[in-house]
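Those protein sequence lines, which keep their order, are chains A and B.
The opening position of the first sequence corresponds to residue 988 in my numbering, with each subsequent residue numbered one higher.
The opening position of the second sequence corresponds to residue 4 in my numbering, with each subsequent residue numbered one higher.
Backbone N, C-alpha and C define an ideal beta-carbon position, used for all residues, glycine too.
Because the structure is a prediction, the values reported are computed rather than measured.
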Amino acid sequence: MRTNHNTVLLCAITFMSLGLGVAAAQNGGTSSGYPEPKNDFTQQERRGKGLYRRYCVGCHGPRGDGNGENAPYIDPKPRDFTLATFKCRSTPTGTLPTDSDLINTLKRGLEASNMPSWLPLSDQNREDLVAYIKTFSSRWKKEGPGKPLQVTPEPQVTADRIKEGQQLFQKMECWKCHGTEGRGDGPSAPTLTDSKDRPIPPYDFTEGHRFKCGQTDEDLYKIFMTGLDGTPMPSFADNLNPEQAWDLVFYLRTLQPMHTKEKDIAKQLGLKPIEPNAAATPPDNK
Amino acid sequence: MTSPQRSLAFAVLLASLFFCCSVQDAQAIPAFARKYGLPCSACHEAWPKLNSFGQKFKDEGYQLGNDRDAPIWQNASFWPVAMRITPHWHYESLGHTAVDSIPGDPTSPTIEKTVNTSGFDLTGIDILTGGTLLKNISFLLVPSIDPGDGTVGFESANVRFDNLLGSPWLNFKFGKFELDVPLSEKRMMTFSNVGGAYQLYHFMPVGDVNDFSFGENQLGVELMGHSEDDHTRFAASLISSTNGELGLPGGRTYNGYIHLSQAFMAGGLGLQRVGVYGALGLRPTFFLTSGGEPIPGTGQGNRSFYRTGVYGSFYIGRFDLTAVYQRASDNVYLGNALAANQVLPDGAQGPAWNTGTFEAHYTYSPQLFFIGRYELVRMAQQALASNASELGNADVFTVGYRYYPFMHSRAGLAWHQEFATGRSRLTSASGQDQRNNSYFMGFDFAF
């Protein structure tokens, strides 16, 4: 077929313009054909929506209900934002987290899950995302975040504190889920389910360097003083005073695979795993 | 073109366009998205261009840095393979091309004509396979199939040891890989014959024989490091002076390359990055021969060249601009295509040139992406003092856009349109300026 090249070039340019027009019309801003949960977004929420569509929608779904296209292949399942229940909080169990809690989760990611660290995003991006995530549940309109837990200064680790932490591990029956050696193989482990009745394994201290909600002693302290909402891990805020909470932190550090000073002390003490059937010696009430 | 034919062409193009706009789903599975369950847009501003999250993922050795990176977390049936190809239609116009005045008669006088061609075509097929062999040991293997003769080449083949001694500053790569260049040519957002390669990396002065193509993948080792947030990055490479060709065809020398960059957040504008880079190398000017034929690997009379540049990559919301300035120079023997044991002609000198690249993008959304680029090359010193000072100077201007009709994590499809025009000064056989134009439109898909 013989071609008139001026005509061809003219057609090509016309099609470039036409294609661009159709693409722009189809695209409609940051929309991509997903249903809109609401339309009266603030400017920050709108920015967050664009970012959510870019980064989060594949797992958490366009409605934020954790039913993204990848959800069937992911274990544990992505968070359902419509329930406004979050694991990693600095606030008491049953309350909403602070924005900082959510931003920290975005920065850090969630260990033992598919949720990566979104550290390369800017602070502004993370704030925008949090603003948008909060539009998925009306709970955020009805109530504010809980009052953040006050974490007392970390005391010096001692042999006595580790021993007392071990006794608390027995007394609070942590072993029933986490196992006597912290391997996540306690007698209740196979029966555990999350708030959506899906099986969920307890944390295995002997394999993890990091916890679900961080890796510092303070993060660990917060985990069992606020609980992991939506999972069987309860809050022990009503059962432990701050000193006891730190004792438990120190003991749990002896169970982890990496080298810790707590582990050194436990070795010097010749600390053995707890005996569930032995009567626990009540820890000193500080 | 007759009227019915023109109508048919229109119909085909329209059908393509509407097909593009109506596609809603796909079942194919790109390797990394399948492994991690993230949409393409998580790592790509618009694929294949990386965003800061994708760059960090790459710098971490295709790892997100959580406990799901090792292959043991993958489904046993997972195969880390993706493919990419771009069926397209393109139009090429080559100005002042030397042709025989009587076709088929090489003895007829040469005249210059503008040669126009157009038609449907295919790019090469990239088979992209990459991932982790073990936590902190990653690989990339990219066999590429030439659609013309079906031959397979290896664009990339490397293994990388990541986070050595637990530090993100120590990552060691071995094999064939793309240098850590300021603008990746392997993730280029343009395809056309004129706009589909950076002058920055490929420009050669008239008469020069140095085959160092900066943007091509090279064979060697790389030590790369970055800060936790990837804002500070460095890469140092030692590569064979073969321009990535297999079988040691050149000499026994090596080239060095280093790249340092620093990024910073500028309020709500986004991430800004500035950097410097430099390459220093040698190329043989003649070979030992057998029966007059060069013996591969026996390059002699090595002569030097360098490329050095500074750049900045600036984001203002959805708009970003990368500007690169590069200074380049080749030894006089390379510049004049002479063996180092030959006598230089009068006025021979090492060619030197300056390159400026300005590439701007506007990411209207993860599904609609615009690109504009202007590159200019200016000769600072010709290989022969008698050459006109502007001989070989080049200007290339490219505009285009990509539309992604769906944004899923299993496959990607883009409708791509682009126009590029380039002019090189005094380079035709008769000493005229040459202007080349390219128009490209097609479907770029990966699965």
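Under 8 Å between C-beta atoms, does Phe-1192 of chain A make it to chain B? no
Assigned secondary structure, Met-1003 of chain A (DSSP; H/G/I helix, E/B strand, else coil): helix
What first and last residue would you give for the alpha helix (DSSP H) that runs through Met-1212 of chain A? 1204-1213
Considering only the beta carbon of each residue, do Ile-1261 of chain A and Thr-1167 of chain A sit closer than 8 Å? yes
Between A:Asp-1067, A:Thr-1193, A:Phe-1223 and A:Ser-1004, which lies nearest to Ser-1124 of chain A when the distance is taken from Cα to Cα? A:Asp-1067
Looking at C-beta atoms only, is the number of pairs between the region 284-303 of chain B and the region 249-268 of chain B that lie closer than 8 Å three or more? yes
His-1246 of chain A burial status per 10 Å Cβ neighbour count (16 or more: buried): exposed
Give every residue of the same chain whose Cβ lies closer than 6 Å to the Cβ of Ser-195 of chain B, excluding the five residues on either side of it in the sequence, and list them in chain order. Glu-421, Ala-423, Ser-441 and Phe-443
Check Ala-29 of chain B in the structure and name its three-state DSSP category. Low local confidence applies: a pLDDT of 30 at Ala-29 of chain B is under 50, so the model's placement there is unreliable, and no value is given.
Rounded to whole angstroms, what's the CA-CA distance from Thr-120 of chain B to Gly-199 of chain B? Just pull it up for me. 17 Å
CB contact check: Gly-1008 of chain A to chain C, cutoff 8 Å: No chain C appears in this structure, whose protein chains are A and B.
I need the straight-line Cα distance from Pro-297 of chain B to Leu-1038 of chain A, nearest angstrom please. 57 Å
Rounding to the nearest angstrom, what Cα-Cα distance links Asp-152 of chain B and Val-118 of chain B in this structure? 24 Å
Who are the neighbours of Tyr-39 of chain B on chain A, taking C-beta pairs under 8 Å? Asn-1101 and Pro-1103
Is the CB-CB distance between Thr-358 of chain B and Val-209 of chain B below 8 Å? no
Ala-49 of chain B vs Thr-366 of chain B beta-carbon contact at 8 Å: yes
On the three-pair Cβ rule with 8 Å, is the region 272-289 of chain B touching the region 305-312 of chain B? yes
Helix, strand or coil for Pro-109 of chain B per DSSP? coil
Relative to the alpha-carbon of Arg-71 of chain B, which residue among B:Thr-89, B:Pro-299, B:Phe-448 and B:Tyr-39 has its alpha-carbon at the smallest distance? B:Tyr-39
Under 7 Å by beta carbon: chain A residues contacting Leu-274 of chain B: Ser-1109
Alpha-carbon spacing of Pro-1263 of chain A relative to Trp-1162 of chain A, whole angstroms: 8 Å
Sort out for me which residues DSSP pairs Asp-103 of chain B with in a bridge. B:Thr-113
Which residues, in order along the region 416-437 of chain B, keep a beta-carbon less than 9 Å from a beta-carbon of chain A? Trp-418, Gln-420, Glu-421 and Phe-422
Alpha carbon to alpha carbon, how far is Gly-1020 of chain A from Phe-1192 of chain A? Reliability of the predicted coordinates at Gly-1020 of chain A is poor, the pLDDT of 46 falling under 50, and no value is obtained from them.
If you follow the beta strand (DSSP E) that Ser-1104 of chain A is part of, which residue opens it and which one closes it? Here Ser-1104 of chain A belongs to no beta strand (DSSP E), and DSSP marks it neither H nor E.
Nearest-angstrom Cα distance between Ala-1118 of chain A and Ala-414 of chain B? 29 Å
Proximity winner among B:His-411, B:His-262 and B:Ala-85, relative to Ala-1058 of chain A (alpha-carbon distances): B:His-411
For Glu-1114 of chain A and chain B, any beta-carbon pair shorter than 8 Å? no
Any contact between the region 1082-1095 of chain A and the region 1047-1057 of chain A? By contact I mean 3 or more CB pairs, one from each, below 8 Å. no
Suppose you measure from the CA of Leu-1093 of chain A to the CA of Glu-188 of chain B; what does that come to, to the nearest Å? 32 Å
Give me the residue from B:Pro-109, B:Phe-142 and B:Gly-223 with the minimum Cα distance to Glu-63 of chain B. B:Phe-142
Entirely within the region 132-198 of chain B and at least 4 residues each: give me those alpha helix (DSSP H) ranges in chain order. none
Given 8 Å as the limit, is there contact between the region 1099-1116 of chain A and the region 1207-1226 of chain A, that is, 3 or more CB pairs closer than that? no
Drop a sphere of 10 angstroms on the beta-carbon of Ser-25 of chain B, count the other beta-carbons inside from all chains shown, and report buried for 16 or more, exposed for fewer. Unreliable positioning characterises Ser-25 of chain B in this predicted model, as indicated by a pLDDT of 37, which lies under 50. A coordinate reading is not provided.
Could you check if His-1196 of chain A is buried or exposed, using at least 16 other CB atoms within 10 Å of its CB as the buried criterion? exposed
Give every residue of the same chain whose Cβ lies closer than 6 Å to the Cβ of Arg-376 of chain B, excluding the five residues on either side of it in the sequence, and list them in chain order. Glu-362 and Thr-401
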